[in-house]
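Comments concern the structure below.
Residue numbers (the UniProt record's numbering): 1 to 447.
Now the structure itself:
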């Protein structure tokens with residue numbers, strides 16, 4: 001009879017070892033297929049490209065520590081390609097002083113306008129020199145320095161450079177202060193050190209800018225003895241009188257000095273800068289460097305090594321949004337560089353960060369939200385000897401946006417896939433079993 005679907009009677013079917021082995025292998029594969037397909041019930045995230053039509057300014061949040069940059073000299077500047085050039089941003093920036101171990105100390109405030117330094121303009125250096133030079137000029141290296149500081153109990157020293165205009169402006173008032181101190185017979189030597197002649201001495205004394213005015217006692221810097229006030233004879237004389245009076249108090253009550261030192265030290269070397277800036281959506285940069293309107297920076301001593309604790313673009317994400325991003329792969333959620341990353345910028349060497357910013361919309365929940373992914377590259381730049389290095393954060397905002405979407409798998413898709421895989425695997429192992437059973441039978445027939 002013509003029949004493509006002939007059946008073998010049940011009585012003629014026979015179990016074989018090959019068939020049993022294939023059955024076990026098929027059951028193992030069936031279990032693996034079911035587990036793999038069941039795992040696909042979780043959502044799949046896909047991305048597509050769209051045009052970014054937003055015209056609002058972009059917010060940049062940052063929190064950066066500079067272990068070797070004093071807060072009074074740290075300046076946050078902003079520049080972009082359409083002409084914005086803003087120096088020393090203070091309104092949205094906060095500063096904290098850091099001690100030599102990087103621990104946060106005094107709060108240096110927010111929206112602080114750096115005060116204008118007043119100078120004496122009524123003194124003539126030539127007239128003051130008519131009765132002799134009263135300022136002690138220290139030359140001869142460390143030995144001459146130690147010998148001079150041993151002559152009197154206190155030494156009020158100006159570290160200067162001939163090319164510095166602020167030093168030349170201060171010279172008459174400094175000479176007048178020395179003459180006034182002599183007349184009062186105070187135990188203070190008014191001295192100066194030319195850092196172009198004594199570079200090693202100025203390096204050892206950590207002179208970061210010119211002029212630097214510092215009070216010493218018995219050869220050691222006085223606590224909070226760096227003077228940053230008006231450069232007038234009256235103001236500098238009042239500073240000396242207050243320090244001498246305070247040191248007399250500390251002689252009788254040394255615990256007060258230790259308490260003051262533990263809680264506040266205006267000479268702490270480091271600074272933590274945190275805040276945000278609003279930028280236009282064009283290429284630009286914000287940079288942090290040493291800058292003062294009444295000082296010339298000692299570029300040889302400027303060190304802008306820093307630690308980036310946080311650097312993000314866009315409005316800060318809330319806790320729920322950060323948790324959702326944690327479920328995504330790194331290719332969809334690069335919203336910030338690695339936190340607490342340290343970057344070393346030695347003398348004459350700056351650190352330039354390049355950030356490629358990609359606007360991203362996350363349609364992964366019922367409440368879509370926006371963020372900005374970043375690709376971060378860093379390289380070191382050698383600066384000229386007369387130029388203070390800076391930490392530069394250059395950004396380039398993409399005009400295209402990435403849309404990350406969540407695509408869940410449907411149950412009927414799983415059922416269809418499972419049926420297809422089960423049926424296919426069953427047919428494959430059945431053919432393999434039949435082939436394995438046919439081969440031995442053919443061999444016995446040949447014998």
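Note that beta-carbon positions come from the ideal geometry of N, C-alpha and C, so glycine has one too. Nothing here was measured: the structure is a model prediction, and the numbers come from that model.
| Item | Value |
| --- | --- |
| Taking the C-alpha atoms as reference points, what is the distance between residue 363 and residue 403? | 7 Å |
| Compute the distance between the beta-carbons of residue 67 and residue 275, then report whether it is under 8 Å. | no |
| Need the endpoints of the alpha helix (DSSP H) that residue 145 sits in, please. | 141 to 149 |
| To the nearest angstrom, how far is the alpha carbon of residue 350 from that of residue 103? | 23 Å |
| Taking Cβ to Cβ, would you say residue 176 is nearer than 8 Å to residue 123? | yes |
| Using a threshold of 8 Å, state whether the C-beta atoms of residue 194 and residue 162 are closer than that. | yes |
| Rounded to a whole number of angstroms, what is the C-alpha to C-alpha distance between residue 251 and residue 244? | 11 Å |
| Could you tell me which residues DSSP puts in a beta bridge with residue 297? | 209 |
| Between the region 276 to 296 and the region 74 to 90, do at least 3 Cβ pairs fall closer than 8 Å? | yes |
| From 249, 279, 44, pick the residue whose C-alpha is nearest to that of residue 80; which is it? | 279 |
| Mind checking which residues open and close the alpha helix (DSSP H) that includes residue 321? | 319 to 326 |
| Where do the ends of the beta strand (DSSP E) carrying residue 167 lie? | Residue 167 -> not in any beta strand (DSSP E); alpha helix (DSSP H) instead, spanning 165 to 184. |
| Rounded to whole angstroms, what's the CA-CA distance from residue 57 to residue 147? Just pull it up for me. | 60 Å |
| Determine contact between the region 305 to 315 and the region 81 to 93, defined as no fewer than three beta-carbon pairs at a distance below 8 Å. | no |
| When the Cα atoms are used, what is the spatial distance from residue 242 to residue 155? | 15 Å |
| Between residue 445 and residue 416, what straight-line distance do the alpha-carbon atoms span, to the nearest angstrom? | For residue 445, the predicted model reports a pLDDT of 48, less than 50, meaning its position is unreliable and no value from the coordinates is stated. |
| Quick check: residue 299 and residue 396, are their CB atoms within less than 8 Å of each other? | no |
| Does the pairing of the region 354 to 370 with the region 314 to 330 give three or more beta-carbon distances under 8 Å? | yes |
| Counting only runs of 4+ residues fully inside the region 20 to 95, write out the alpha helix (DSSP H) ranges in chain order. | none |
| CA-CA distance, residue 51 and residue 400? | 5 Å |
| Taking the straight line between their C-alpha atoms, what separation do you get for residue 152 and residue 377? | 54 Å |
| For the alpha helix (DSSP H) containing residue 202, name the first residue and the last one. | 199 to 204 |
| Helix, strand or coil for residue 233, going by three-state DSSP, please let me know. | helix |
| Do residue 407 and residue 46 have their beta-carbon atoms positioned less than 8 Å apart in this structure? | yes |
| Drop a sphere of 10 angstroms on the beta-carbon of residue 297, count the other beta-carbons inside from all chains shown, and report buried for 16 or more, exposed for fewer. | buried |
| Provide the residue(s) that pair with residue 285 in DSSP beta bridges, ordered along the chain. | 79, 394 |
| Return yes when the Cβ of residue 210 is within less than 8 Å of the Cβ of residue 295, no when it is not. | yes |
| Closest Cβ-Cβ distance between residue 247 and chain D: below 8 Å? | Here there is only one protein chain, and chain D is not present. |
| Indicate the three-state DSSP secondary structure (helix, strand or coil) for residue 189 in the structure shown. | strand |
| Excluding five sequence neighbours on each side, which residues of the same chain lie with their C-beta closer than 7 Å to the C-beta of residue 230? | 117, 118 |
| Within 10 angstroms of the Cβ of residue 185, are there 16 or more other Cβ atoms? Answer buried if so, exposed if not. | exposed |
| In angstroms with no decimal places, state the Cα-to-Cα distance between residue 136 and residue 189. | 7 Å |
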